[in-house]
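Novice: Top line first, the protein sequences correspond to chains A and B.
The numbering of the first sequence is the numbering used here, which starts it at 1 and goes up by one.
The numbering of the second sequence is the numbering used here, which starts it at 417 and goes up by one.
Could you have a look at this structure, given as structure tokens, before my questions?
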Amino acid sequence: MNLFENIRLALEGLRANKMRALLTMLGIIIGIASVMAISTLGSAMTGSVTKTMDKIGGKNIMVSLSPKNYDTQSTLQEDDLITQEELDAFRNTYSDQIKAISFSTGMGSGQLNSGFIHKDVSITGASPDYGLVNNVNLVQGRFISNRDMDGNRNVIIIDTTLRNNLVGVDGDVIGKEVQVDTKSTNETYTVIGVYEKMVIDNPLFYMGDDTRVECFIPITTAKSLNPDTANTVGYESFTIMATSNTDSAAFAQTTKDYFIKGMSPLSDFTIEAQSLEAIASEATGMLGTLSLGISVIAGISLLVGGIGVMNIMLVSVTERTKEIGIRKALGARNSAIRSQFIIEAMIICLIGGIIGVGLGSVLGITGSTLMKFPSTPPIGPMIIALCFSMAIGVFFGFYPANKAAKLDPIDALRYE
Amino acid sequence: MRKKIIEMRGIVKTYYQGTPNELEILHGIDLDVYEGEFLSIVGASGSGKSTLMNILGALDRPTKGHYYLDHLPMENVKDDGLSQIRNKKIGFVFQTFNLIPRSTALKNVALPMLYGGVPRSERSRRAADLLQLVEMSGRSHHRPNELSGGQKQRVAIARAMANDPAIILADEPTGALDSHTGRLVMDIFHRLHQEQGKTIILITHNAELAEETERTIRLRDGSIVDNRRNNQYQLGGYYESV
Ligand SMILES: Nc1ncnc2c1ncn2[C@@H]1O[C@H](COP(=O)(O)OP(=O)(O)OP(=O)(O)O)[C@@H](O)[C@H]1O
Ligand SMILES: [Mg+2]
Numbered sequence: 001m002n003l004f005e006n007i008r009l010a011l012e013g014l015r016a017n018k019m020r021a022l023l024t025m026l027g028i029i030i031g032i033a034s035v036m037a038i039s040t041l042g043s044a045m046t047g048s049v050t051k052t053m054d055k056i057g058g059k060n061i062m063v064s065l066s067p068k069n070y071d072t073q074s075t076l077q078e079d080d081l082i083t084q085e086e087l088d089a090f091r092n093t094y095s096d097q098i099k100a101i102s103f104s105t106g107m108g109s110g111q112l113n114s115g116f117i118h119k120d121v122s123i124t125g126a127s128p129d130y131g132l133v134n135n136v137n138l139v140q141g142r143f144i145s146n147r148d149m150d151g152n153r154n155v156i157i158i159d160t161t162l163r164n165n166l167v168g169v170d171g172d173v174i175g176k177e178v179q180v181d182t183k184s185t186n187e188t189y190t191v192i193g194v195y196e197k198m199v200i201d202n203p204l205f206y207m208g209d210d211t212r213v214e215c216f217i218p219i220t221t222a223k224s225l226n227p228d229t230a231n232t233v234g235y236e237s238f239t240i241m242a243t244s245n246t247d248s249a250a251f252a253q254t255t256k257d258y259f260i261k262g263m264s265p266l267s268d269f270t271i272e273a274q275s276l277e278a279i280a281s282e283a284t285g286m287l288g289t290l291s292l293g294i295s296v297i298a299g300i301s302l303l304v305g306g307i308g309v310m311n312i313m314l315v316s317v318t319e320r321t322k323e324i325g326i327r328k329a330l331g332a333r334n335s336a337i338r339s340q341f342i343i344e345a346m347i348i349c350l351i352g353g354i355i356g357v358g359l360g361s362v363l364g365i366t367g368s369t370l371m372k373f374p375s376t377p378p379i380g381p382m383i384i385a386l387c388f389s390m391a392i393g394v395f396f397g398f399y400p401a402n403k404a405a406k407l408d409p410i411d412a413l414r415y416e
Numbered sequence: 417m418r419k420k421i422i423e424m425r426g427i428v429k430t431y432y433q434g435t436p437n438e439l440e441i442l443h444g445i446d447l448d449v450y451e452g453e454f455l456s457i458v459g460a461s462g463s464g465k466s467t468l469m470n471i472l473g474a475l476d477r478p479t480k481g482h483y484y485l486d487h488l489p490m491e492n493v494k495d496d497g498l499s500q501i502r503n504k505k506i507g508f509v510f511q512t513f514n515l516i517p518r519s520t521a522l523k524n525v526a527l528p529m530l531y532g533g534v535p536r537s538e539r540s541r542r543a544a545d546l547l548q549l550v551e552m553s554g555r556s557h558h559r560p561n562e563l564s565g566g567q568k569q570r571v572a573i574a575r576a577m578a579n580d581p582a583i584i585l586a587d588e589p590t591g592a593l594d595s596h597t598g599r600l601v602m603d604i605f606h607r608l609h610q611e612q613g614k615t616i617i618l619i620t621h622n623a624e625l626a627e628e629t630e631r632t633i634r635l636r637d638g639s640i641v642d643n644r645r646n647n648q649y650q651l652g653g654y655y656e657s658v
């Protein structure tokens, strides 16, 4: 008796009781479907989180000075700031974990004017590494250089929509002079680069609809324009880009400890360092809790489903006692009877599993599409779900099958 | 000298052994059957015919005594071995047909071959041949509930022949049939006996049918009380040489 013959026999048995088999499968279907739905949704979510993280720099650690106490008014003192020397020392200590460090400072919003064109923009002072660290996608020209920094040059990087407004899609904007008016200043800048704005289509990373165009100027230029910061020599915030094999959450802690040691205990300020990965894992952790809850429900329904299968198999063994007796009289070994019933249970569960996987995938895809995550049903969980449903069949089918196998042939034949 | 295919010595069958209502059904049966014999077993209801038949057919084990099938001592054979013996050496025909209701005639006939490991195409081919032998070819794709009693029994006989067994054991095969249909079934047994040389053991309540067989054994309360050659086989035939 080979496997194929057993499958044939089992299918014959099931065909005789289609409705009953289907009802029996219900628990398995619900269990597998919910596991499948949640894992489809989960993988869609984590997939898109990972993708977004790659886009915005998952390995980034944001370091900033922040007040120890938000209730009292604290002002930043000159010696609270982190100096270039301190940073260089830090960078040397952890050179194998740091890829780049960038600085930036918001200059607020303003208006960019060129001829008759007036556009609302927000101005960010940035260091040369800002482009690398924040994945600025330069499509034309160049980003800020060290010489721009040293010379406090009035150079600016604008985005593609602004370029299109100024000179059209095909126009050459590099070298063009534009006027930027903010609260405190109005200066003329030379356009040195054009970047394409990053589109983040992940609802978990929704950052508000900022329709203003962000333009970059050298951070030194920005600082010199602000009377408050014109004469300072340190930074109150910066972003570290960790190397790809660094545990950025752990390195954030290392960074924090490192800089706190260098601070005066009397200062009103302390250092905060947070990795983007940690922020994102908070978002996915929430999903983890949710899927744990659903998995428990799925587990219970699989258990109930399994018991249902066992029950129906016991009924089936009793109903078919005479048939079992006939088969034994015709020379079926105990093992042949046992595998016939186990395979029947497995097939019930497998069919239930297949329906469950199908239903769950549809639910998962629908759900993630509604939540705007692009998704495909994950193959791994699919295979695991199918194997697991067969395992349920073996586990819950074994007892009834063994009962059938052990029937005495004469008692079975005499059964009415 | 014919080959002895069945040898029973002192076969005892006891039910509820070791309990107060212990019940001894067979009291030391001695029985020899030769290859190619057509034997009938008669006796009142409850005399132990079916019990004896179950032991002969390796469906049951005696409580005491020795049973040699084809010189093989059955007490040494494990359960799986008994399954194999039932599959290869014995064909059962029951009073109530015992066909599998969900399966077609063809599949029923093929079933013993399935358990005997015969390949699928070979099974169908041979099952079709056997149905032809019992003149049931036209009904090979019908299920048992679409067949008359006589037709079912013909399918059952074809099934008993599936693995070309040496012995056919038939427990009241005509008991559920009218006399005309019973006659047709009986003719098939005669044909299998004469044309294929099968050893056939037939349990029957019908004295006329028993008379048609070569030898009749009478059981009374679990003992053999009579063992004689029937009239038409008295002279000549192989009994002279036994
Ligand atoms: N499994 C069993 N447990 C207890 N007693 C049994 C069992 N099987 C048979 N018997 C008893 O053994 C005796 C012989 O039964 P058996 O079936 O062999 O009779 P039989 O000669 O075939 O009768 P019939 O002609 O009615 O078929 C009966 O008294 C019956 O009650
Ligand atoms: Mg009987």
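From the three backbone atoms N, C-alpha and C, an ideal C-beta is built for every residue, glycine too.
Just so it is clear, the structure is predicted and the values come from calculations on it, not from any experiment.
Contact defined as beta carbons within less than 8 Å: I believe R333 of chain A pairs with S499 of chain B. What is the distance between those atoms, to the nearest angstrom?
Specialist: Between S499 of chain B and R333 of chain A the Cβ distance is about 5 Å, and since that is below 8 Å, they are a contact.
Novice: May I ask you to report which of helix, strand or coil DSSP gives E438 of chain B?
Specialist: Three-state result, E438 of chain B: coil.
Novice: Note the first and the last residue of the continuous alpha helix (DSSP H) segment covering P218 of chain A.
Specialist: Where P218 of chain A is concerned, there is no enclosing alpha helix (DSSP H), although the beta strand (DSSP E) it sits in stretches over 213 to 218.
Novice: In the region 1 to 77 of chain A, which residue ranges form an unbroken beta strand (DSSP E) of at least 3 residues, counting only runs that do not cross its ends?
Specialist: Qualifying beta strand (DSSP E) stretches, in chain order: 60 to 67.
Novice: Tell me the residue span of the beta strand (DSSP E) that contains M149 of chain A.
Specialist: It is not in any beta strand (DSSP E) - M149 of chain A instead sits in the alpha helix (DSSP H) that spans 146 to 150.
Novice: Between which two residues does the beta strand (DSSP E) containing S456 of chain B stretch?
Specialist: Element bounds for S456 of chain B: 454 to 459.
Novice: If contact is defined by three or more beta carbon pairs under 8 Å, each pair taking one atom from either stretch, is the region 557 to 568 of chain B in contact with the region 589 to 604 of chain B?
Specialist: Contact between the region 589 to 604 of chain B and the region 557 to 568 of chain B is present, because at least three Cβ pairs lie under 8 Å.
Novice: Going by beta carbon distance, what residues of the same chain come within less than 6 Å of Y655 of chain B, once the five residues before and after it are set aside?
Specialist: At Y655 of chain B the pLDDT is 44, less than 50, meaning the model places this residue with poor confidence and gives no usable figure here.
Novice: Among A:D181, A:N154, A:Y399, A:T239, which one has its Cα closest to the Cα of I217 of chain A?
Specialist: When only C-alpha atoms are compared, the closest one is A:N154.
Novice: Mark A417 of chain A as exposed unless 16 or more other C-beta atoms lie within 10 angstroms of its C-beta, in which case mark it buried.
Specialist: What the structure shows of chain A is the stretch from 1 to 416, and residue 417 of chain A is not part of that stretch, so it cannot be assessed.
Novice: What is the DSSP secondary structure of K406 of chain A, counted as helix, strand or coil?
Specialist: In this structure, K406 of chain A counts as coil in the three-state DSSP scheme.
Novice: If we call anything under 8 Å between Cβ atoms a contact, is P104 of chain A one with S122 of chain A?
Specialist: Note that residue 104 of chain A is Ser in the sequence shown here, rather than Pro. No, they are not a contact pair.
Novice: Determine, for K328 of chain A, whether the minimum Cβ-Cβ distance to residues of chain B falls below 8 Å.
Specialist: Yes, K328 of chain A counts as interfacial toward chain B.
Novice: Taking the beta carbon of E416 of chain A as the centre, do at least 16 other beta carbons fall within 10 Å, making it buried, or is it exposed?
Specialist: Looking at its Cβ environment, which holds fewer than 16 other Cβ atoms inside 10 Å, E416 of chain A is exposed.
Novice: Between the C-alpha atoms of I312 of chain A and T24 of chain A, what's the straight-line distance to the nearest angstrom?
Specialist: Their backbone Cα atoms lie some 7 Å apart in a straight line.
Novice: With C-beta atoms as the reference, is R518 of chain B less than 8 Å away from G473 of chain B?
Specialist: No, Cβ-Cβ distance for R518 of chain B and G473 of chain B is not below 8 Å.
Novice: With ligand 1 as the reference, list in chain order each residue whose Cβ lies under 5 Å from any of its heavy atoms.
Specialist: Listed along the chain, these residues meet the criterion: B:Y431, B:I441, B:S461, B:G462, B:S463, B:G464, B:K465, B:S466, B:T467.
Novice: Show which residues of chain A have a CB atom less than 7 Å away from the CB atom of Q500 of chain B.
Specialist: Within 7 Å Cβ-Cβ: G331.
Novice: Can you pull out the residues from the region 453 to 471 of chain B whose beta carbon lies closer than 7 Å to at least one beta carbon of chain A?
Specialist: Of all residues in the region 453 to 471 of chain B, N470 have a Cβ within less than 7 Å of some Cβ in chain A.
Novice: Would you call E624 of chain B buried or exposed, if buried means 16 or more other Cβ atoms sit within 10 Å of its Cβ?
Specialist: Exposed: under 16 other Cβ atoms inside 10 Å.
Novice: Measuring from the CB of D495 of chain B, is there a heavy atom of ligand 2 at a distance below 7 Å?
Specialist: The answer is no for D495 of chain B.
Novice: Does the structure place the region 281 to 294 of chain A close enough to the region 92 to 99 of chain A that three or more beta carbon pairs sit under 8 Å?
Specialist: Cβ pair count under 8 Å is below three, so no.
Novice: With distance defined between alpha-carbon atoms, name the residue in A:D148, A:T52, A:I192 nearest to D172 of chain A.
Specialist: Ranking A:D148, A:T52, A:I192 by Cα distance to D172 of chain A puts A:I192 first.
Novice: With a threshold of 8 Å between beta carbons, is E319 of chain A in contact with chain B?
Specialist: No, E319 of chain A lies away from the interface with chain B (no Cβ there is under 8 Å from its Cβ).
Novice: What are the start and end residues of the beta strand (DSSP E) that includes H118 of chain A?
Specialist: Run containing H118 of chain A: 117 to 126, per the beta strand (DSSP E) assignment.
Novice: Any contact between the region 344 to 353 of chain A and the region 21 to 41 of chain A? By contact I mean 3 or more CB pairs, one from each, below 8 Å.
Specialist: Short answer: they touch.
Novice: Within the 8 Å Cβ cut-off, does N492 of chain B reach chain A?
Specialist: Chain A contact via Cβ: absent.
Novice: Tell me whether the beta-carbon of N586 of chain B lies closer than 8 Å to the beta-carbon of L635 of chain B.
Specialist: The sequence shown places Ala at residue 586 of chain B, rather than the Asn named in the question. Cβ distance not < 8 Å, so A586 of chain B and L635 of chain B don't count as in contact.
Novice: Does ligand 3 have a heavy atom nearer than 7 Å to the CB of D476 of chain B?
Specialist: Ligands displayed in this structure: ligand 1 and ligand 2; ligand 3 is not among them.
Novice: Looking at C-alpha atoms only, which residue of B:K504, B:L547, B:G497 is the closest neighbour of N524 of chain B?
Specialist: When each option's Cα is compared against that of N524 of chain B, the closest is B:L547.
Novice: Note down, in chain order, every chain B residue with its Cβ under 7 Å from the Cβ of P409 of chain A.
Specialist: Near P409 of chain A (Cβ distances below 7 Å), the residues of chain B are L475.
Novice: When you compare only the Cα positions, how much space is there between L455 of chain B and M19 of chain A?
Specialist: When rounded, the distance between both Cα atoms is 49 Å.
Novice: With H, G and I counted as helix, E and B as strand and the rest as coil, what does DSSP make of M310 of chain A?
Specialist: Reduced to three states, the DSSP call for M310 of chain A is helix.
Novice: Could you name the residues that DSSP lists as bridge partners for T239 of chain A?
Specialist: In the DSSP output, where bridge partners are listed per residue, T239 of chain A has A:M62, A:S102.
Novice: Would you mind telling me which residues of chain B sit closer than 7 Å to E323 of chain A, beta carbon to beta carbon, in chain order?
Specialist: Near E323 of chain A (Cβ distances below 7 Å), the residues of chain B are I516.
Novice: Is the shortest distance between the beta-carbon of D495 of chain B and the beta-carbons of chain A less than 8 Å?
Specialist: D495 of chain B counts as touching chain A.
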